[in-house]
Amino acid sequence: MSRRLLHALPALALILSAGAAAAAEPPDVVLGASIQLTGPVANTGRYYRDAYQIAVDRINAAGGVKIGGVAHKLALKIYDNQSDVNLSVRQYTQLVTQDKVNLLLGPFASNFALADSAVSEKYKVPMVQGGGASDQIFSRKFKYIFGTLAPASNYFGSTVEMLKALKPAPASVALLYADDSFDVSVAQGTRPLLKSAGLRVAMDERYSTNATDFNSLLSQIKSKQVDAVLVAGHETEILNFVRQAKSLAVAPKMYSFTVGVPSEDFRKALGPDADYAFGMTAWLPSAVLKDRWFGDAEQFAQAYKTKYGYDPDYHAASGVADVEALAQAMESANSLDPQKVRDALAKTRFDSLYGPVAFNAQGQIDLPQVVIQVQGDELAEIYGAKGFIAQPKYPMPAWNAR
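Put into structure tokens, the structure is as follows:
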């Protein structure tokens, strides 16, 4: 054997040893998603991107997910659907068929989840999503879609209960809603609630998604002297609605919105004009909500604000719960097999920073909505399952009297 070869053997052994060690490293578990990172709803879409990332980082820092005694790290494969439903469907198809991701996380918005869940069902890859609440998503008897938002049909449930308890109770109500699947589900569920509460519905009007002109609806509210206005829509629509209400001096006794009020950006965008607005949320950053990876919801909120520079709302909390649900299910199933993970998700029960996660037979969880209100610089909890938590600022004064 030549002297040169003898000198090369130790180096060759080191290379082979390093290669064997690298080969022994368990592969990442890849979670795929298509999210609105640009386009009209990108401001909300970012909650999900950021929530998925902070959850993955925290789980990996704790050692990853343990399957068969082996710790696997999580990785994300995320595409920007540019707020385009058709593009989102194509991207989820690519994630499953070409990228070969292990499991799926969801997009934002019910119309996206409604379309994208057909991909997870077709290819039998579980999707856990906290961005779509429409009852339509879960009424099709699909087996591979799981959701961490409460049913859209009951979003105004706690608000209607509060309306009955207000002094004076509103004599009439306007129900306004966008024509997408989430807001249609909200309206369908709210109508019987209002009827059961004995509240007179003076207006029941549908408007086009992404509408920018609410002058006609606001004029009707003013002419009919409606007391309470319930609006189901997206954040940009609600911003336009409030700004135009001020310009037309339309000030009923109260406004309540399905979105926006819990969001720091919404309140900053409107400034003092956000005052008196009611909304609802299934989550607030309470230390009572314990969590395996973050400690509790309060610690999570602090970590999120430190990392991203803005406060999380229920969108972010539900996004983290989505990742945690998949992690729990993989460990419970002791497998990466999509069918076994799906079956584990159906039986999963755990406490999270978002609240207790347990999916019903349709694949959805149901957390109670707390009525909240913007009161000056504060976001106040007003009404919950046990009645009033704090005094509401009601009725709302005229715009020129604030």
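Counted the way mature numbering (1 follows the signal peptide of the UniProt record, and there is no 0) counts, the sequence shown spans residues -23 to -1, 1 to 379.
Beta carbons: idealized from backbone N, C-alpha and C, even for Gly.
Item	Value
Using C-beta distances below 8 Å, list every residue in its chain close to Met373, excluding the 5 sequence neighbours before and after it, in chain order.	Ala228, Pro229, Lys230, Met231, Tyr232 and Tyr253
Which value, in whole angstroms, describes the spacing of the CA atoms of Thr21 and Ser312?	33 Å
Under 7 Å between the Cβ atoms of Ala127 and Asp343?	yes
Using a Cβ distance threshold of 8 Å, determine whether the region 69 to 77 contacts the region 23 to 40, with at least three qualifying pairs required.	no
DSSP beta-bridge partners for Val351?	Leu356
Could you pull the DSSP bridge partners for Met373 from this structure?	Met373 is not bridged to any residue.
Please confirm if Val227 has its CB atom under 7 Å from at least one CB of chain C.	Absent from the structure: chain C. Only one protein chain is present.
Does DSSP put Gln106 in a helix, a strand or coil?	strand
Quick test of the definition: if touching needs 3 or more C-beta pairs under 8 Å, does the region 195 to 202 touch the region 234 to 248?	no
In angstroms with no decimal places, state the Cα-to-Cα distance between Arg319 and Ser94.	14 Å
When the Cα of Ser116 is compared with those of Asp354, Gly340 and Tyr371, which residue comes out closest?	Gly340
I need the straight-line Cα distance from Leu152 to Ala146, nearest angstrom please.	16 Å
How should Lys54 be labelled, buried or exposed, when 16 other C-beta atoms within 10 angstroms of its C-beta is the threshold for buried?	buried
With the cut-off set at 7 Å, would you say Val105 and Pro315 are in Cβ contact?	no
How would you call Pro3, buried or exposed, if buried means at least 16 neighbouring beta carbons within 10 angstroms?	exposed
Pairs of beta-carbons, one from the region 203 to 212 and one from the region 130 to 147, closer than 8 Å: are there three or more?	yes
Please report the straight-line C-alpha distance between Pro369 and Leu64, rounded to a whole angstrom.	43 Å
Suppose the cutoff is 6 Å on Cβ atoms and the five residues either side in sequence are ignored; what does the same chain contact list for Val78 look like?	Val7, Gly9, Lys54 and Leu72
Between the region 86 to 93 and the region 35 to 54, can you find at least three pairs of beta-carbon atoms closer than 8 Å?	no
At what residues does the alpha helix (DSSP H) containing Ser282 begin and finish?	A small fix is needed here, since residue 282 is Lys in this sequence, not Ser. Taken as a continuous stretch (DSSP letters only), the alpha helix (DSSP H) holding Lys282 covers Ala274 to Tyr285.
Just the C-alpha distance for Ala19 and Thr213, rounded to the nearest angstrom, thanks.	11 Å
What distance in whole Å lies between the Cβ atoms of Ala148 and Arg177, which are believed to be in contact at a cut-off of 8 Å?	7 Å
Give me the residue from Val203, Ser173 and Asp156 with the minimum Cα distance to Ser185.	Asp156
Taking only three categories from DSSP, how would you classify Leu126?	coil
Tell me the DSSP secondary structure of Pro169 in three-state form.	helix
Going straight from the alpha carbon of Gly361 to that of Asp61, what length do you get?	36 Å
Quick one, are the C-beta atoms of Ala179 and Val203 less than 7 Å apart?	yes
Using the Cβ count rule (16 or more neighbours within 10 Å means buried), how would you classify Glu182?	exposed
Mapping DSSP to helix, strand and coil, what is residue 392?	The chain is shown only over -23 to 379; residue 392 falls outside these bounds and no answer can be derived.
Mind checking whether the beta-carbon of Ser60 lies closer than 6 Å to any heavy atom of the ligand PLP?	In the structure shown, the ligand PLP is absent, as is every other ligand, since no ligand is present at all.
Am I right that Ala259 and Asp268 are in contact with their C-beta atoms under 8 Å? What's the rounded C-beta distance?	About 16 Å separates the two Cβ atoms, so there is no contact after all.
Given a threshold of 16 other Cβ atoms within 10 Å of its Cβ, counted over all protein chains shown, does Lys363 qualify as buried or as exposed?	exposed
With DSSP collapsed to three states, give me the class of Ser224.	helix
Whose C-beta lies closer than 7 Å to the C-beta of Ser111 among residues of the same chain, with five residues either side of it excluded?	Ser87, Leu91, Ala129, Ser158, Phe159 and Ser162
Measure the C-alpha to C-alpha separation of Gln305 and Asn377 and round it to an integer number of angstroms.	53 Å
At which residues does the alpha helix (DSSP H) containing Gly22 begin and terminate?	Ala19 to Ala38
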